[in-house]
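Heads up: the sequence lines are chains A and B, in that order. Be aware that the first sequence starts at 32, since it is given in this note's numbering, and climbs by one per residue. Be aware that the second sequence starts at 32, since it is given in this note's numbering, and climbs by one per residue. Backbone N, C-alpha and C fix where the C-beta goes; we use that ideal spot for every residue, glycine too. The structure presented is a predicted model; accordingly, all values stated were derived computationally and were not measured. Please read the structure below before turning to the comments.
Number of protein chains: 2
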Amino acid sequence: MRDFLPADKARRERVLAVIRERYRAHGFDEIETPVVEEYARLHAGIGGDNEKLAFNILKRGLDAAAIRAAADDPSALTDLGLRYDLTVPLARFYASHRAELPTVFRAIQIAPVWRAERPQKGRYRQFVQCDIDIIGDASARAEAELVVATLDAVDSLGLEGGSVRINDRRALDWMLDSFGFPADERPPVLITIDKLDKIGPEGIVAELRDRGATAGAVDALEAFLRRPMTLEYNPFGERQIRKALPQGAPDEIVAHLTGIGDAVAASRAEVDIPLVFDPFLVRGMGYYTGTIFELAHPSVPYSLGGGGRYDGMIGRFLGQDVPAVGFSIGFERIVELVSAAEADGAAAVVLVHDRDVPVGELVALKAQLVAEGSRVRLEQRTKNLKPLLERAASDGYTAFAPVSAGVTRADLDLKQLS
Amino acid sequence: MRDFLPADKARRERVLAVIRERYRAHGFDEIETPVVEEYARLHAGIGGDNEKLAFNILKRGLDAAAIRAAADDPSALTDLGLRYDLTVPLARFYASHRAELPTVFRAIQIAPVWRAERPQKGRYRQFVQCDIDIIGDASARAEAELVVATLDAVDSLGLEGGSVRINDRRALDWMLDSFGFPADERPPVLITIDKLDKIGPEGIVAELRDRGATAGAVDALEAFLRRPMTLEYNPFGERQIRKALPQGAPDEIVAHLTGIGDAVAASRAEVDIPLVFDPFLVRGMGYYTGTIFELAHPSVPYSLGGGGRYDGMIGRFLGQDVPAVGFSIGFERIVELVSAAEADGAAAVVLVHDRDVPVGELVALKAQLVAEGSRVRLEQRTKNLKPLLERAASDGYTAFAPVSAGVTRADLDLKQLS
Numbered sequence: 032m033r034d035f036l037p038a039d040k041a042r043r044e045r046v047l048a049v050i051r052e053r054y055r056a057h058g059f060d061e062i063e064t065p066v067v068e069e070y071a072r073l074h075a076g077i078g079g080d081n082e083k084l085a086f087n088i089l090k091r092g093l094d095a096a097a098i099r100a101a102a103d104d105p106s107a108l109t110d111l112g113l114r115y116d117l118t119v120p121l122a123r124f125y126a127s128h129r130a131e132l133p134t135v136f137r138a139i140q141i142a143p144v145w146r147a148e149r150p151q152k153g154r155y156r157q158f159v160q161c162d163i164d165i166i167g168d169a170s171a172r173a174e175a176e177l178v179v180a181t182l183d184a185v186d187s188l189g190l191e192g193g194s195v196r197i198n199d200r201r202a203l204d205w206m207l208d209s210f211g212f213p214a215d216e217r218p219p220v221l222i223t224i225d226k227l228d229k230i231g232p233e234g235i236v237a238e239l240r241d242r243g244a245t246a247g248a249v250d251a252l253e254a255f256l257r258r259p260m261t262l263e264y265n266p267f268g269e270r271q272i273r274k275a276l277p278q279g280a281p282d283e284i285v286a287h288l289t290g291i292g293d294a295v296a297a298s299r300a301e302v303d304i305p306l307v308f309d310p311f312l313v314r315g316m317g318y319y320t321g322t323i324f325e326l327a328h329p330s331v332p333y334s335l336g337g338g339g340r341y342d343g344m345i346g347r348f349l350g351q352d353v354p355a356v357g358f359s360i361g362f363e364r365i366v367e368l369v370s371a372a373e374a375d376g377a378a379a380v381v382l383v384h385d386r387d388v389p390v391g392e393l394v395a396l397k398a399q400l401v402a403e404g405s406r407v408r409l410e411q412r413t414k415n416l417k418p419l420l421e422r423a424a425s426d427g428y429t430a431f432a433p434v435s436a437g438v439t440r441a442d443l444d445l446k447q448l449s
Numbered sequence: 032m033r034d035f036l037p038a039d040k041a042r043r044e045r046v047l048a049v050i051r052e053r054y055r056a057h058g059f060d061e062i063e064t065p066v067v068e069e070y071a072r073l074h075a076g077i078g079g080d081n082e083k084l085a086f087n088i089l090k091r092g093l094d095a096a097a098i099r100a101a102a103d104d105p106s107a108l109t110d111l112g113l114r115y116d117l118t119v120p121l122a123r124f125y126a127s128h129r130a131e132l133p134t135v136f137r138a139i140q141i142a143p144v145w146r147a148e149r150p151q152k153g154r155y156r157q158f159v160q161c162d163i164d165i166i167g168d169a170s171a172r173a174e175a176e177l178v179v180a181t182l183d184a185v186d187s188l189g190l191e192g193g194s195v196r197i198n199d200r201r202a203l204d205w206m207l208d209s210f211g212f213p214a215d216e217r218p219p220v221l222i223t224i225d226k227l228d229k230i231g232p233e234g235i236v237a238e239l240r241d242r243g244a245t246a247g248a249v250d251a252l253e254a255f256l257r258r259p260m261t262l263e264y265n266p267f268g269e270r271q272i273r274k275a276l277p278q279g280a281p282d283e284i285v286a287h288l289t290g291i292g293d294a295v296a297a298s299r300a301e302v303d304i305p306l307v308f309d310p311f312l313v314r315g316m317g318y319y320t321g322t323i324f325e326l327a328h329p330s331v332p333y334s335l336g337g338g339g340r341y342d343g344m345i346g347r348f349l350g351q352d353v354p355a356v357g358f359s360i361g362f363e364r365i366v367e368l369v370s371a372a373e374a375d376g377a378a379a380v381v382l383v384h385d386r387d388v389p390v391g392e393l394v395a396l397k398a399q400l401v402a403e404g405s406r407v408r409l410e411q412r413t414k415n416l417k418p419l420l421e422r423a424a425s426d427g428y429t430a431f432a433p434v435s436a437g438v439t440r441a442d443l444d445l446k447q448l449s
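So this is what it looks like as structure tokens:
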């Protein structure tokens with residue numbers, strides 16, 4: 032877990048403010064849930080592998096007997112835990128407050144989550160997730176709204192040129208079925224296929240053969256992966272989707288994907304549709320039931336976010352089926368890509384004062400500049416001014432002025448901070 | 032702990048944005064620390080009664096033997112906890128990062144804290160604290176900057192007319208000494224005096240007599256509380272402070288308080304100084320060493336925040352004395368006072384569409400309005416439009432327009448939402 036110093040914290044808050052503002056413009060409404068959820072809810076089986084990474088809170092008031100009795104079942108020591116994602120809390124929130132929410136509910140959640148990950152580069156035990164979700168709309172419009180809003184937010188951060196890789200879990204399942212993988216083999220086969228970017232088609236085929244997957248099905252998959260592909264310009268749409276899948280893909284799935292593309296296209300002045308159909312995109316979480324997507328950007332080889340349909344999950348808390356689809360921005364990755372040095376707009380002035388300037392004069396001078404709309408920091412003069420001014424510049428200050436006793440606003444000699 | 036629905040969450044974020052912006056303007060820099068701190072640090076004795084209210088996190092990977100061994104010492108089950116305030120983490124942060132911070136460091140911290148309070152009206156187990164602290168300045172300027180920035184933030188929220196009750200722990204100690212209370216009696220006497228607003232002077236005197244405090248000292252306190260007070264206009268300053276204290280108050284303490292008043296006065300165009308000296312203001316926390324203050328507002332009988340000097344605490348983590356003073360806004364109380372219905376500035380439009388409008392048309396129309404700078408929500412028409420429009424209005428939407436198939440931007444008939 033990390034401390035954030037002023038320059039980093041300012042950048043993080045600026046990025047969050049832009050994302051929040053763009054998502055709100057697209058009709059999403061922010062909500063907030065408590066950091067702490069009930070243990071049973073966090074361990075209901077919908078959090079996947081993240082459940083094992085939850086930080087659990089020690090019950091209060093346990094006596095010696097209760098502790099001894101919990102020796103063989105440590106879960107008896109806890110009744111609450113820190114959330115490991117924002118999806119489980121959203122499902123709980125929606126089940127609790129459905130009557131107070133619009134029929135189609137577009138949620139923003141921007142908040143930290145906790146996972147007891149083994150410490151490693153780029154992985155944090157506390158990190159911020161930025162999710163948008165649409166609950167109550169089964170149509171392709173929901174996916175289109177998520178994609179358009181997300182690309183707008185990313186564009187607004189100066190990261191133009193993003194695109195979304197898209198697939199459908201049902202298409203994956205149908206494809207594996209058409210190759211001849213029996214139903215019980217498909218989930219582990221998906222885990223292998225998820226490594227395509229890392230180990231390539233040969234690696235996939237070798238791993239499946241090693242593991243003893245149905246031989247004929249692996250052969251069919253291999254033939255499909257090796258089929259000749261004509262390089263031609265194919266805008267996102269029915270033709271491209273059908274070409275990327277084996278023959279005979281179900282019309283319903285193709286129509287849903289095509290519908291997303293049409294709607295995204297209609298929302299943009301640009302000719303290019305920022306969607307790429309990828310029949311081998313898997314996404315890790317077990318709860319996806321339909322469309323899945325990942326946010327790509329030309330500046331980095333890894334994804335900057337992702338999401339998908341999880342029509343089954345909300346229903347588990349509510350006892351009835353509710354369609355839902357979400358898109359999560361990888362905030363910690365995106366914030367690294369956004370340039371640090373963006374001015375605040377307002378002037379930011381450091382008043383470098385002599386030791387003997389009376390307190391009242393300094394506070395009055397500062398108040399005048401603040402009233403004029405400036406951001407103002409007082410610093411007592413040091414022998415070597417350079418480190419003082421460099422730190423102020425890295426904290427976003429743009430100008431400085433020396434202040435001696437008796438100096439008034441009219442005397443101030445403001446100089447630019449380089 | 033609470034869920035926040037869209038209207039509440041929007042209000043909270045708006046209030047936080049104003050506070051953050053005003054504090055930044057006054058030269059404070061925001062930092063962030065992890066929600067989770069080490070157990071030992073949270074229980075080092077500087078958190079006062081709040082230490083007992085900490086939520087502790089269950090150690091991971093405890094086996095049956097380790098759990099049994101912890102039966103008589105539950106603290107062996109935990110190594111981390113949720114912070115119960117932002118002051119302990121700030122002291123830890125400053126000790127870790129001092130070399131990277133300005134000599135006088137002005138910190139903003141806006142973040143949730145957790146306390147296992149017994150559930151009761153107006154008390155929450157998770158709540159947001161908004162703290163500003165100045166570390167490294169022992170002069171009255173630090174207090175003045177805190178007071179001026181805090182009153183500006185509160186003014187900017189539309190809560191003009193706030194004022195700050197101020198006292199000094201050293202003055203309290205001197206006063207109790209001058210009445211004749213021995214050193215070991217003074218801490219419990221302060222706890223009683225802290226109830227002055229609730230039980231009045233008679234209650235104080237009765238409680239102290241009951242508890243067997245030094246009789247002559249209680250008599251002296253009673254005489255002082257009953258002394259005749261002339262009602263006359265006394266601006267905050269040396270004369271008022273000396274009149275409010277017993278004869279012979281130490282010059283150093285009076286000069287520090289007077290210095291704060293002079294600096295605050297110098298920062299304001301108004302003649303009235305928004306400071307009130309209150310010789311019986313106590314503030315609960317044990318770590319205060321000098322000035323203490325509370326934020327008052329004419330609209331409510333309770334305080335909206337408070338703080339003080341805690342020159343000893345930072346030094347405990349750093350091994351050397353560092354002056355520090357902080358002011359914490361009672362965010363949860365303030366957010367209740369800020370009017371809910373403040374427009375976002377931008378137009379916010381609900382498009383109420385027929386069921387048969389093609390997805391592409393809707394998404395395109397929405398994108399056009401978003402590009403024009405509006406915030407846009409899509410809602411499918413319901414038989415009775417009233418609840419739909421009322422909810423939209425409570426979420427801050429200002430206009431709506433019906434949309435049938437084929438309607439374009441030029442056709443849109445925008446109507447005001449009442």
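Item to complete: Compare the C-alpha of Ile323/A against each of Gly336/A, Asp282/A, Val220/A, Phe431/A and name the closest.
Response: Among Gly336/A, Asp282/A, Val220/A, Phe431/A, the Cα nearest to that of Ile323/A is on Gly336/A.
Worksheet item: Do you know offhand how far Arg156/A's Cα is from Ala147/A's?
Response: Distance between the alpha carbons of Arg156/A and Ala147/A: 6 Å.
Discussion item. Runs of 3 residues minimum, wholly inside the region 82 to 129 of chain B: which ones carry the beta strand (DSSP E) assignment?
Written reply: Within the region 82 to 129 of chain B, the complete beta strand (DSSP E) segments at least 3 residues long are 87 to 89, 109 to 113, listed from N- to C-terminus.
Worksheet entry | Rounded straight-line distance, which links the Cα of Arg408/B to that of Val10/A | Because chain A is modelled from 32 through 449, residue 10/A falls outside the range shown and cannot be assessed.
Worksheet item: Is Val407/A close to chain B, meaning its C-beta is less than 8 Å from at least one C-beta of that chain?
Response: Interface criterion met: the Cβ of Val407/A is under 8 Å from a Cβ in chain B.
Item to complete: Using a Cβ cut-off of 8 Å (strictly closer), state whether Thr134/B contacts chain A.
Response: Output row for Thr134/B: interface = yes.
Item to complete: Return the CA-CA distance between Pro143/B and Leu132/B, expressed in angstroms with no decimal places.
Response: Their backbone Cα atoms lie some 24 Å apart in a straight line.
Practice prompt. Please go through the same chain and pick out, in chain order, the residues whose beta-carbon is closer than 7 Å to the beta-carbon of Leu221/B, but skip the five residues on each side of it.
Written response: The residues are Leu203, Val313.
Worksheet item: Per DSSP, Trp145/A is paired with what?
Response: Partner residues in the beta bridge of Trp145/A, as assigned by DSSP, are Gln157/A.
Discussion item. In the DSSP output, what is Glu253/B paired with across the bridge?
Written reply: Residue pairing of Glu253/B in beta bridges, as defined by DSSP: absent, with no partner found.
Worksheet item: What is the residue span of the beta strand (DSSP E) that Phe311/B lies within?
Response: If you look at Phe311/B, you'll find it isn't in any beta strand (DSSP E); DSSP assigns it neither H nor E.
Worksheet entry | Ile224/B classed as buried or exposed, judged by whether at least 16 other C-beta atoms fall within 10 angstroms | Ile224/B is buried by the Cβ-count criterion.
Practice prompt. Could you tell me whether the Cβ atoms of Ile141/A and Glu253/A are closer together than 8 Å?
Written response: Result no, Cβ atoms of Ile141/A and Glu253/A do not sit closer than 8 Å.
Discussion item. Which residue marks the beginning of the beta strand (DSSP E) containing His384/B, and which one marks its end?
Written reply: Segment 379 to 384, the beta strand (DSSP E) holding His384/B.
Discussion item. Once the 5 residues before and after Tyr319/A are set aside, which same chain residues still bring their CB inside 7 Å of it?
Written reply: Within its own chain, the residues whose Cβ lies closer than 7 Å to the Cβ of Tyr319/A, once the five positions on either side in sequence are excluded, are Arg200, Gly339, Arg340, Tyr341, listed in chain order.
Worksheet entry | Three-state secondary structure (DSSP) of Phe362/A | Helix.
Discussion item. Below 8 Å on C-beta distance, what does Ile88/B contact in chain A?
Written reply: The answer, in chain order, is Phe86, Asn87, Ile88, Leu89, Leu113.
Worksheet item: Gly58/B: which of Ser187/A, Val380/A, Gly437/A sits nearest, CA to CA?
Response: Sorting Ser187/A, Val380/A, Gly437/A by C-alpha distance to the C-alpha of Gly58/B places Val380/A at the top.
Fill in: Chain-ordered chain B contacts of Met32/A [CB-CB under 7 Å]
By Cβ distance, chain B contributes Pro65, Val67.
Worksheet item: Taking the C-alpha atoms as reference points, what is the distance between Trp205/A and Glu69/A?
Response: So the two alpha carbons sit approximately 37 Å from each other.
Discussion item. For Lys40/B and Thr109/B, what's the separation of their Cα atoms in angstroms?
Written reply: Lys40/B and Thr109/B: Cα-Cα distance of roughly 33 Å.
Discussion item. Excluding the 5 residues flanking Ala171/B on each side, which residues of the same chain have their C-beta closer than 7 Å to its C-beta?
Written reply: If we look at Ala171/B and ignore the five residues flanking it on each side, its Cβ neighbours are His287, Gly290, Ile291, Ala294.
Fill in: For Phe210/B, the three-state DSSP class (helix, strand or coil)
In this structure, Phe210/B counts as helix in the three-state DSSP scheme.
Worksheet item: In the DSSP assignment, what are the bridge partners of Ser194/A?
Response: According to DSSP, which records beta bridges pairwise, Ser194/A is partnered with Ala327/A.
Fill in: Per-residue DSSP class, three states only, for Arg240/B
In this structure, Arg240/B counts as helix in the three-state DSSP scheme.
Practice prompt. State the DSSP-derived secondary structure class of Lys152/A, mapped to helix, strand or coil.
Written response: Reduced to three states, the DSSP call for Lys152/A is coil.
Worksheet entry | contact_flag[the region 107 to 122 of chain A, the region 72 to 84 of chain A] where n(CB pairs < 8 Å) is 3 or more | At 8 Å Cβ cutoff, the stretches touch.
Worksheet item: Which runs of the alpha helix (DSSP H), 4 residues or longer, sit entirely within the region 33 to 76 of chain B?
Response: Entirely contained in the region 33 to 76 of chain B, the alpha helix (DSSP H) runs reaching 4 residues are, in chain order, 37 to 56, 70 to 73.
Worksheet entry | Any chain B beta carbon closer than 8 Å to Thr322/A | Not an interface residue.
Worksheet item: Residues bridged to Lys446/B by DSSP?
Response: Answer is Phe431/B, bridged to Lys446/B.
Practice prompt. Say whether the region 271 to 280 of chain A touches the region 298 to 318 of chain A, bearing in mind that this needs 3 or more beta-carbon pairs closer than 8 Å, one atom from each stretch.
Written response: The answer is yes - the region 298 to 318 of chain A touches the region 271 to 280 of chain A, with three or more Cβ pairs under 8 Å.
Item to complete: Check whether the Cβ atoms of Val394/B and Ala180/A sit closer than 8 Å, and answer yes or no.
Response: Contact flag unset, no.
Worksheet item: Span of the alpha helix (DSSP H) holding Gln271/B?
Response: In the DSSP annotation of this structure, the continuous segment of the alpha helix (DSSP H) that includes Gln271/B starts and ends at 269 to 275.
Discussion item. Between Pro143/A and chain B, is the shortest Cβ-Cβ distance under 8 Å, so that the two count as touching?
Written reply: Closer than 8 Å to some Cβ of chain B, the Cβ of Pro143/A qualifies, so yes.
Worksheet entry | Enclosing alpha helix (DSSP H) for Gly391/B [first to last residue] | For Gly391/B, the uninterrupted alpha helix (DSSP H) run begins and ends at 390 to 402, by DSSP.
Item to complete: Measure from the alpha carbon of Gly192/B to the alpha carbon of each residue in Glu63/B, Met344/B, Ala402/B, Pro305/B, then state which is nearest.
Response: The candidate whose alpha carbon is nearest that of Gly192/B is Pro305/B.
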